[in-house]
Amino acid sequence: MKDILLIDDEPGIRLTFSRILEKEGYRVETAANFAEAKESLSACCPDVVISDIILPGASGIEILKMIKERSPDIPVIMITGEPNIDTAVESVRQGAYDYLSKPINRQQLCGAVASAMEKKWLVDERKRLEEETLKYQRELEDKVRERTRALEELNAFINNVIESISCGLITLDLSGKITMVNTHALEFLHGENKSEIIGQRYDQLFPQDLAQAVGRVIQEADFSRSHEFELGERTIGYNVSPLLDNEQKIRGNVIIMRDISEKKRLERELIQSEKLATLGLLAGKIGHEMRNPLFGILGYAELLESKYPQEEELRQIISQALRLKKMTSDLLMISKPKPPLITSVDLNAVLRETLDFLREVTGQIKYHEVIQKYHPNLPLIQGDKEQLKQMFTNLIINASQAMKDQPAERSILTVGTGIAEEGRLVLAYVQDTGCGIADKDLERIFDPFYTTKGEEGTGLGMAVIREIVNKHHGQIKIESRIGEGTRVLVLLPVG
Ligand SMILES: Nc1ncnc2c1ncn2[C@@H]1O[C@H](COP(=O)(O)OP(=O)(O)OP(=O)(O)O)[C@@H](O)[C@H]1O
Ligand SMILES: [Mg+2]
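Residue 759 is where the sequence shown ends in our numbering, and the numbering goes up by one at each step.
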């Protein structure tokens with residue numbers, strides 16, 4: 265219910281006005297003078313005050329001032345039995361809401377009160393809305409602050425996780441631009457700083473062969489497997505996965521890289537040591553048991569051949585015995601390698617001699633076109649010339665055998681040399697246009713006795729090559745495509 269404080273010293277007015285207003289539904293408090301009005305105002309807070317101007321003691325204007333000081337929102341209607349310009353002006357100046365002169369009829373009174381009530385309601389409502397808005401605003405600010413903090417914490421957490429994992433992490437957008445890298449990843453990208461890398465295309469930043477391999481994985485959506493690549497002397501394992509958004513749409517790719525050189529080395533050593541342990545025993549035995557009788561057979565056969573040079577069977581015996589001899593010496597090379605006889609070696613010369621030997625002495629590669637691309641100022645290396653010759657022999661024979669079903673015009677053997685790693689390494693390669701090697705077989709070709717040549721091969725050639733390369737602290741790389749050919753690259757330190 266709405267409250268009105270009515271101040272008038274005339275009991276008749278108080279009574280009449282109270283009745284009229286109470287009939288309108290208002291609750292009316294009355295006061296006869298300043299003191300009573302003050303008391304009543306301390307006890308409650310009316311919605312509208314109606315005050316006579318002329319009162320005994322302090323005037324209605326004083327009451328008006330007091331109310332405006334304490335509660336400026338309460339509309340005050342001033343009434344007077346002696347209206348004059350001064351009191352009217354003063355009332356307006358002090359902020360009276362209305363000014364009525366007696367006699368005041370019911371309609372005037374109710375009209376003034378209703379309009380004052382409405383003003384009070386509007387003021388109250390505005391205040392309430394302002395307060396509510398302020399409250400919401402504060403709540404909203406609190407929420408935003410809270411969320412921002414939570415987001416910052418989450419961001420910091422994700423960043424810490426990304427930085428703490430012991431892998432290189434790189435994300436790409438759909439166009440192949442790098443959107444994020446962690447510090448570990450910089451190791452694999454030649455240590456530039458993050459801000460330089462972000463926004464660049466991966467295929468401009470990654471080593472070329474890695475970029476191509478990653479491109480293939482993305483194109484073929486071959487995300488289930490782990491992949492590897494050689495970065496200098498290290499082996500890097502990497503996985504590529506699609507980067508999905510909340511709606512499971514692909515937004516790019518995530519690449520995780522880790523250095524697996526140590527793991528690889530241990531794996532290789534383990535496999536090698538297991539294989540070699542068995543093979544060593546076997547080879548030692550074969551070597552011992554077979555060498556002497558074999559030399560005997562060969563010696564006698566060659567003797568016989570000189571007596572009966574026309575005998576084809578004798579030539580067959582000699583050729584088979586020579587095969588056995590090669591096999592035993594290959595086996596001995598892998599199982600009990602001789603320490604290399606180190607001298608300064610010119611790989612260009614070794615390659616030339618090997619080609620001459622194979623072409624003229626054995627007639628092995630005479631059906632192929634041979635392209636030679638030697639580096640004119642190739643640095644010397646420290647190595648065992650005979651072992652290196654054996655290495656090239658095995659490589660060239662493999663190349664030649666890979667092209668045996670190829671028409672002559674498509675049988676191109678390319679050998680060459682060059683310099684790598686800013687002059688620290690010398691490289692030599694043997695390349696063919698033969699059948700190629702499937703990716704899945706690449707690791708196996710170094711396994712002793714792994715051959716795809718049936719009776720023709722023993723599967724020791726590549727094992728011997730690896731042994732020789734290892735002894736020379738080098739690396740061997742194979743690039744091959746089925747149906748297109750193979751390039752075997754040997755890298756040896758300059759010395
Ligand atoms: N240049 C090449 N092109 C295609 N396949 C090759 C090439 N080099 C090696 N290989 C594959 O690797 C296998 C193993 O080669 P490796 O030289 O060890 O044995 P091999 O040639 O079969 O027998 P051998 O002991 O007489 O050399 C081969 O059987 C062949 O499948
Ligand atoms: Mg071979």
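Don't be surprised by glycine CBs; every beta carbon is placed ideally from N, CA and C.
Grab me the residues of residue i's own chain with a C-beta within less than 7 angstroms of its C-beta, minus the 5 sequence neighbours each way, in chain order.
| i | result |
| --- | --- |
| ASP523 | ARG498 and ILE500 |
| ARG745 | GLY700 |
| ASN614 | Reading off the sequence, residue 614 comes out as Val, not Asn. Closer than 7 angstroms at Cβ, skipping near neighbours: LYS649, LEU652, LYS653 and PHE656. |
| ILE606 | GLN646, GLY647 and ASP648 |
| ALA352 | TYR363 |
| ALA800 | Since the first residue shown for the chain is 265 and the last is 759, residue 800 is missing from the structure and cannot be characterised. |
| VAL758 | PRO643, ILE645, GLY687, ARG688, LEU689 and VAL690 |
| MET381 | LYS266, ASP311 and VAL312 |
| ARG762 | The chain is shown from 265 up to 759; residue 762 falls before or after that span and cannot be answered. |
| MET667 | HIS632, SER675, ASP696, THR697 and GLY698 |
| GLY449 | Looking at the sequence shown, residue 449 is not Gly but Ala. For ALA449, where only same-chain residues beyond five positions count, the Cβ hits under 7 angstroms are GLY432, LEU433, ILE434 and MET521. |
| ILE482 | VAL504 and ASN517 |
| PRO506 | PHE487, ILE514 and ASN517 |
| GLN665 | LYS717 |
Closer than 8 angstroms by C-beta to residue i: which residues in its own chain qualify, once you throw out the five before and the five after it? Chain order, please.
| i | result |
| --- | --- |
| ILE742 | ILE701, LEU706, ILE709, THR750, ARG751, VAL752 and LEU753 |
| ASN658 | GLY725, MET726, VAL728 and ILE729 |
| GLY747 | CYS699 and GLY700 |
| ILE582 | LEU562, ALA565, GLU566 and GLU569 |
Tell me, to the nearest whole angstrom, how far the beta carbon of residue i is from that of residue j; I am working on the premise that it is less than 8 angstroms.
| i | j | result |
| --- | --- | --- |
| ILE325 | GLU354 | 5 angstroms |
| ILE341 | TYR361 | 6 angstroms |
| GLY432 | ASN446 | 7 angstroms |
| GLN636 | VAL609 | That pair is no contact at about 17 angstroms. |
| LEU611 | ILE660 | In fact, because the Cβ distance is near 14 angstroms, the residues do not count as touching under 8 angstroms. |
| ILE284 | ARG370 | 5 angstroms |
| ILE422 | ILE519 | In fact, because the Cβ distance is near 17 angstroms, the residues do not count as touching under 8 angstroms. |
| ILE327 | SER335 | With 8 angstroms as the limit, ILE327 and SER335 do not qualify as a contact, their Cβ atoms being about 12 angstroms apart. |
| PRO339 | LYS384 | 5 angstroms |
| ILE550 | LEU595 | 6 angstroms |
| GLY440 | ARG402 | No, GLY440 and ARG402 are not in contact; Cβ-Cβ is about 47 angstroms, not under 8 angstroms. |
| LEU404 | PHE452 | With a Cβ gap of about 46 angstroms, LEU404 and PHE452 do not count as contacting. |
| SER323 | ILE331 | The Cβ separation is near 13 angstroms, so there is no contact. |
Ignore the nearest five residues each way along the sequence and tell me which others in residue i's own chain have a CB closer than 6 angstroms to its CB.
| i | result |
| --- | --- |
| LYS307 | First, the residue type needs correcting, since residue 307 is Ala and not Lys in the sequence shown. There are no such residues. |
| LYS735 | PRO604 |
| PRO367 | none |
| LEU562 | ALA585 |
| LEU588 | LEU558 |
| GLN739 | LEU755 |
| GLU293 | LEU269 and SER304 |
| THR618 | LYS653, PHE656 and THR657 |
| GLY723 | PHE713, TYR714 and THR715 |
Take residue i as the anchor and find which of the options has the nearest alpha-carbon.
| i | options | result |
| --- | --- | --- |
| GLY474 | PHE487, GLU492, ILE462 and GLU484 | What sits at residue 474 in the sequence shown is Leu, not Gly. Answer by Cα proximity: GLU492. |
| ILE676 | LEU652, GLN695, GLY721 and SER335 | GLN695 |
| LEU691 | THR722, PRO640 and MET591 | PRO640 |
| ILE442 | HIS448, SER459, CYS431 and GLU451 | SER459 |
| LYS717 | HIS737, GLY759, ASP669 and ARG390 | ASP669 |
| GLU526 | ILE519, ILE520 and LEU534 | LEU534 |
| MET591 | LEU644, PRO712 and SER490 | PRO712 |
| ARG489 | LYS704, VAL758 and GLY759 | LYS704 |
| ALA684 | GLU405, LYS407, GLN468 and PRO643 | PRO643 |
| SER593 | LEU568, ARG555, GLU576 and PRO573 | ARG555 |
| LYS391 | ASP337, MET444 and SER430 | ASP337 |
| MET597 | VAL733, LEU373, MET444 and LYS332 | VAL733 |
Given a threshold of 16 other Cβ atoms within 10 Å of its Cβ, counted over all protein chains shown, does residue i qualify as buried or as exposed?
| i | result |
| --- | --- |
| PHE487 | exposed |
| ALA663 | buried |
| VAL504 | buried |
| GLN472 | exposed |
| PRO310 | buried |
| SER570 | exposed |
| ILE521 | Residue identity differs from the one stated: residue 521 is Met in this sequence, not Ile. Under this definition MET521 is a buried residue. |
| GLY463 | exposed |
| TYR693 | buried |
| ALA672 | exposed |
| MET509 | The displayed chain sequence assigns Asp, not Met, to residue 509. So ASP509 ends up on the exposed side. |
| GLU576 | exposed |
| THR397 | exposed |
| GLU286 | exposed |
| THR626 | exposed |
| THR542 | exposed |
| ALA295 | buried |
| ILE349 | exposed |
Kindly provide the ranges of any beta strand (DSSP E) runs that are 3 or more residues long and lie completely inside the segment 389–431, ordered along the chain. Here no run is fully enclosed.
Ranges of the beta strand (DSSP E) found wholly within the segment 677–714, counting only runs of at least 3: You should have 689–696.
Length at least 4, wholly inside the segment 446–501: the alpha helix (DSSP H) runs in chain order: Counting only runs of 4 or more, we get 447–452, 458–461, 466–469 and 472–484.
What are the complete alpha helix (DSSP H) segments, minimum 4 residues, inside the segment 321–354? For the segment 321–354, whole alpha helix (DSSP H) runs of length 4 or above, ordered along the chain, are 324–334.
Which complete beta strand (DSSP E) runs does the segment 512–573 hold, if anything under 3 residues is left out? Qualifying beta strand (DSSP E) stretches, in chain order: 514–523.
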